[in-house]
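FYI, the numbering for the sequence shown is 97 to 399, going by the numbering used here.
Just so you know, even glycine gets a beta-carbon here, dropped at the ideal spot from N, CA and C.
The block underneath contains the structure these notes are about, expressed in structure tokens.
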Amino acid sequence: MNTGQAHWHILGAGAIGSLFADALSTDGRQVSLILRDGVHGKIRTQAVERGDLVSEKHFKTTGPRGHTGISHLLVTTKAYDVCSAIDSVVHRLNPDCNIVLLSNGMGFQEQVLASLPSLNIYCGTTTEGAHLLAAGHVRHAGSGETRIGRAAKIADDRRPLWFHQWERAIDNSVWDSDIQPALWTKLAINCVINPLTALNRCHNGELGASKSLANQVAPLRDEIAAVCRAQGHAEIAEALPRITAAVIQATSDNRSSMLQDIDAGRLTEIDYITGYLLEVADQHSIDTPLNRALFEAIKSRAH
Ligand code: KPL
Numbered sequence: 097m098n099t100g101q102a103h104w105h106i107l108g109a110g111a112i113g114s115l116f117a118d119a120l121s122t123d124g125r126q127v128s129l130i131l132r133d134g135v136h137g138k139i140r141t142q143a144v145e146r147g148d149l150v151s152e153k154h155f156k157t158t159g160p161r162g163h164t165g166i167s168h169l170l171v172t173t174k175a176y177d178v179c180s181a182i183d184s185v186v187h188r189l190n191p192d193c194n195i196v197l198l199s200n201g202m203g204f205q206e207q208v209l210a211s212l213p214s215l216n217i218y219c220g221t222t223t224e225g226a227h228l229l230a231a232g233h234v235r236h237a238g239s240g241e242t243r244i245g246r247a248a249k250i251a252d253d254r255r256p257l258w259f260h261q262w263e264r265a266i267d268n269s270v271w272d273s274d275i276q277p278a279l280w281t282k283l284a285i286n287c288v289i290n291p292l293t294a295l296n297r298c299h300n301g302e303l304g305a306s307k308s309l310a311n312q313v314a315p316l317r318d319e320i321a322a323v324c325r326a327q328g329h330a331e332i333a334e335a336l337p338r339i340t341a342a343v344i345q346a347t348s349d350n351r352s353s354m355l356q357d358i359d360a361g362r363l364t365e366i367d368y369i370t371g372y373l374l375e376v377a378d379q380h381s382i383d384t385p386l387n388r389a390l391f392e393a394i395k396s397r398a399h
């Protein structure tokens, strides 16, 4: 079993990956960044701004093809890149490797579990706010909570040893013996906010401030609540009006990740957000016409 001094490799050095790399390294962990074009041993300087303070760190980088083994892997790529990114380093994963999946959306967790059944796969969600100002330069926009649990349901739901280090390194990190409710809560929020803000090209706050948008939020949210309920998450369904209103307000100045992806000409994560919801809705024979319309509108616009 991996214990003691974890060496974390970070796959996906965007805003969240950089923030976590900085936090783990501040706590004394060894951290390396796996970059697509990384050259083994090359150092990359990363800066994280928190208010007026800028912390600069120097990380070893490596390309996916490197030879050193990986014992602890944190994956923070876009949802659609998770499986191929892990595939690119699969030859380096130690037989008892710990992999933490911290990307937006759902669906890839099951794919990774199916392709790497013998490894220790964890997944989670974070509400830490961070954005990239430039490559290697991140602004910490707001503190949040990070919830982590095992991707597979197994009898032993105790927190693994490495998580004790995370609790120290990462503010408000919480071990979840059942991570599914946290994943579904985040999925439900993303299903409401991301496509609507992307299609209406607005900040998150507009979904509460504009009457015509608020009128779209309510029925969309009700469809999502019906899927949550059918999936066994009645408590999320009940709380969804309150939770979505709170997140819309707390992130009112944000441009959602989907709006940012469209503006940057990137693929969106719609397949792993609304697309995943639609798959589950189909399994339960639940009609979700509003979500389907948004899914198709984003697909026709962004892909
Ligand atoms: O997770 C988000 C995203 O933009 O992907 C929210 C919570 C909607 C914040 O912008």
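Please return the same chain residues whose Cβ sits closer than 8 Å to the Cβ of residue i, not counting the five positions on each side in sequence.
| i | result |
| --- | --- |
| P315 | L386 |
| C179 | F204, Q207, V208 and S211 |
| A389 | none |
| L229 | E145 and R235 |
| Q327 | W280, V376 and H380 |
Which residue comes first and which comes last in the beta strand (DSSP E) that contains residue i?
| i | result |
| --- | --- |
| G240 | Here G240 belongs to no beta strand (DSSP E), and DSSP marks it neither H nor E. |
| S128 | Q126 to I130 |
| L149 | L149 to T158 |
| I106 | H103 to L107 |
| V144 | I139 to R146 |
| A230 | G225 to A230 |
| I366 | Neither: I366 is in no beta strand (DSSP E) and is coded neither H nor E. |
| T71 | The requested residue 71 does not occur in the structure, where the chain is confined to residues 97 to 399. |
What residue range does the alpha helix (DSSP H) around residue i cover?
| i | result |
| --- | --- |
| E375 | T370 to Q379 |
| A265 | L257 to A265 |
| I250 | First-last for I250: undefined, no H or E at that position. |
| L355 | S353 to D359 |
| T122 | A111 to T122 |
Kindly give me the distance between the Cβ atoms of residue i and residue j, rounded to whole angstroms, as I take these residues to be in contact under 8 Å.
| i | j | result |
| --- | --- | --- |
| V234 | L374 | That belief does not hold up - the Cβ atoms of V234 and L374 are roughly 33 Å apart, past 8 Å. |
| V185 | L107 | 7 Å |
| T172 | L198 | 5 Å |
| T122 | A265 | 7 Å |
| I217 | A248 | 7 Å |
| K282 | T221 | 4 Å |
| I344 | G304 | 5 Å |
| G162 | H136 | 5 Å |
| A310 | I382 | Wrong, their Cβ atoms sit about 24 Å apart, outside the cutoff. |
Here's a check: name, in chain order, each residue in its chain whose Cβ is nearer than 6 Å to the Cβ of residue i, leaving out the five neighbours to either side.
| i | result |
| --- | --- |
| G201 | A175, E365, Y368 and I369 |
| Q379 | none |
| H399 | Model confidence at H399 stands at a pLDDT of 49, short of 50, so the residue's coordinates are unreliable and nothing is read from them. |
| G147 | none |
| V270 | R243 |
| D359 | none |
| W104 | L120, R125, V127, H168 and L170 |
| H154 | I139 and T141 |
| T223 | G240 and E241 |
| I425 | Outside the shown range of the chain, which is 97 to 399, sits residue 425, and nothing can be said about it. |
| L355 | T293 and A294 |
| A109 | L129 |
| E263 | S269 |
| G238 | G225 |
| D272 | R243, G245 and A278 |
| A330 | none |
| A393 | L295 |
| I253 | Inspection of the sequence shows that residue 253 is occupied by Asp rather than by Ile. Correct list, in chain order: S273. |
Can you list, in chain order, the residues of its chain whose CB lies under 7 Å from that of residue i, leaving out five sequence neighbours each side?
| i | result |
| --- | --- |
| M97 | Confidence at M97 is low in this model, with a pLDDT of 45, below 50, so the placement of that residue should be treated as unreliable; the coordinate-derived value is given next. Same-chain partners within the cutoff: D192. |
| A284 | I320, C324, I332 and L336 |
| D349 | H299 and G301 |
| L215 | L189, C193 and I195 |
| A111 | A226, H227, L228 and V234 |
| G165 | R188 and N190 |
| W258 | N98, A102, H168 and N194 |
| G232 | R140, T141, Q142 and A143 |
| Q312 | L292 |
| G371 | F391 |
For residue i and chain C, any beta-carbon pair shorter than 9 Å?
| i | result |
| --- | --- |
| S214 | The chain inventory of the structure shown lacks chain C, comprising one protein chain alone. |
Note down, one range per segment and in chain order, each beta strand (DSSP E) of at least 3 residues found wholly within the region 166 to 211.
-> 166 to 171 and 189 to 197
Around the ligand KPL, what residues have a beta-carbon under 6 Å from a heavy atom of it, in chain order?
-> N200, I285, N286, I289, N290, N300, V343, T347, N350, S352 and S353
Just list the alpha helix (DSSP H) runs in the region 270 to 348, keeping only unbroken ones of 4 residues or longer that don't cross its boundaries, in chain order.
-> 276 to 296, 302 to 305, 307 to 326 and 330 to 346
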